[in-house]
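What follows is one structure encoded as structure tokens, with my remarks underneath.
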């Protein structure tokens, strides 16, 4: 370890300007539960976050919760990822989703860290998650209940990714052993797979993490990543609520666990913006979300027949997983 502050807890997010209001809610929830015994460093990996948003978000910290920003140049990242074939399918993905895959390499001063999606609310001291014993694993993550809710995505996980659905995790909440990831050259392995095989996949960062780390993953209880679910575990005491994919309380009424979001949103400097976003969300927007769900379901089954999938390459060469 380098000379870090005692009890320093690094927490990574990655956003663009569109997600600044929702990150404010996540930060407020972390600050509310932060212990005075720890120092929390929130590091926001960003594309072109405006100076105004940086200023507003940085003001949400306090004496022991600091909010800082690291700019990642997309052109550099795109070049390392071999350019055109990495363009993402579907307008609900941006290049920011890949940022978490470079944290170990970009921040050698940290041996361990948390990565959190911005659409979350924390209901406990985030240090409790950070201090979970990884037991020698690369990372800890919880089951992806969205994928498990649908037969098409269950088939996708098992036949394309090659991961049993009950072991397929969501990458929105991650506890990372950065030192182990560096020691095992995780980033180089990821880039080699990406540039060699050009896999067509549904959840780019998540699927790579699942296959590369499949033998080195600690499962977290669902209360650490409580997502909207139809058939999954109904968590009554969520430690982290994750408004994943289309279950956004700033779009819909009666979203699961919406009370936690609005509890902190009412204190956000972006409250007016959040309320405006909800008021203008239309029936056409809702139908667009439904189309995306149907698109994901269709694509999940189409990809099963691809000649190049993680499962097929792993069975043929054994080079996908570390």
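Residue numbers (this note's numbering): 840 to 1161.
Note that the Cβ used here is the ideal one computed from N, Cα and C, for glycine as well.
Computed from a predicted structure; not experimentally measured.
- Cβ-Cβ separation between residue 942 and residue 952: approximately 6 angstroms, consistent with a contact (criterion under 8 angstroms).
- When the five nearest sequence neighbours on each side are left out, the beta carbons in the same chain lying within less than 7 angstroms of the beta carbon of residue 1104 are those of 864, 1110 and 1113, in order along the chain.
- Put simply, of 1025, 1116 and 1141 the residue whose alpha carbon is nearest the alpha carbon of residue 860 is 1116.
- Within the model, the alpha-carbon separation for residue 1011 versus residue 1106 is close to 24 angstroms.
- Look at residue 951 here: in three-state DSSP terms it is strand.
- In this structure, residue 1043 places its C-beta atom within 9 angstroms of the C-beta atom of residue 936.
- Counting C-beta pairs with one atom in each stretch, the segment 1009-1029 and the segment 1078-1085 have three or more that are closer than 8 angstroms, which means they touch.
- For residue 892, the CB contacts under 7 angstroms within the same chain, skipping 5 residues up- and downstream, are 856 and 859 in chain order.
- Counting every other CB atom within 10 Å of its CB across the protein chains shown gives residue 875 a total below 16, marking it as exposed.
- Just measuring C-alpha positions, the residue of 1049, 945 and 849 sitting nearest residue 1153 is 1049.
- Under the three-state reduction of DSSP output, residue 1158 falls in the coil class, being neither helix nor strand.
- Around the beta carbon of residue 1086, a 10 Å sphere encloses 16 or more other beta carbons of the protein chains shown; the residue is thus reported as buried.
- When the Cα atoms are used, residue 1102 and residue 1021 turn out to be separated by approximately 39 angstroms.
- Under a 10 Å Cβ-count criterion, residue 981 is classified as buried, with 16 or more other Cβ atoms of the shown protein chains found around its own Cβ.
- DSSP links residue 879 through a beta bridge to 848 and 904.
- Going by DSSP, residue 988 is part of the alpha helix (DSSP H) stretching over 984-988.
- Linking residue 995 to residue 1140 through their CA atoms gives a straight-line distance of about 6 angstroms.
- A Cβ-Cβ contact shorter than 9 angstroms links residue 961 with residue 872.
- In the three-state scheme derived from DSSP, where H, G and I count as helix and E and B as strand, residue 1095 is classed as coil.
- Every unbroken stretch of the alpha helix (DSSP H) spanning 4 or more residues and falling wholly within the segment 971-1056 is given here in chain order: 984-988, 990-995, 1017-1022, 1025-1036 and 1043-1051.
- Each residue's CA atom was taken as its position, placing residue 887 and residue 1134 some 29 angstroms apart.
- In this structure, residue 998 keeps its C-beta atom at 9 angstroms or more from the C-beta atom of residue 1156.
- Cβ-Cβ distances below 8 angstroms link residue 1083 to 956, 958, 985, 1009, 1011, 1066 and 1067 in the same chain, with the five nearest sequence neighbours on each side left out; the list follows chain order.
- The distance from the Cβ of residue 1120 to that of residue 1090 is about 5 angstroms, consistent with a contact at the 8 angstroms cut-off.
- Between the C-alpha atoms of residue 1075 and residue 1034 there is a straight-line separation of about 43 angstroms.
- In the three-state scheme derived from DSSP, where H, G and I count as helix and E and B as strand, residue 1127 is classed as helix.
- The DSSP-derived three-state label of residue 1070 is coil.
- In this model, residue 968 and residue 1063 are separated by some 8 angstroms (Cα to Cα).
- For residue 944, the CB contacts under 6 angstroms within the same chain, skipping 5 residues up- and downstream, are 1026 in chain order.
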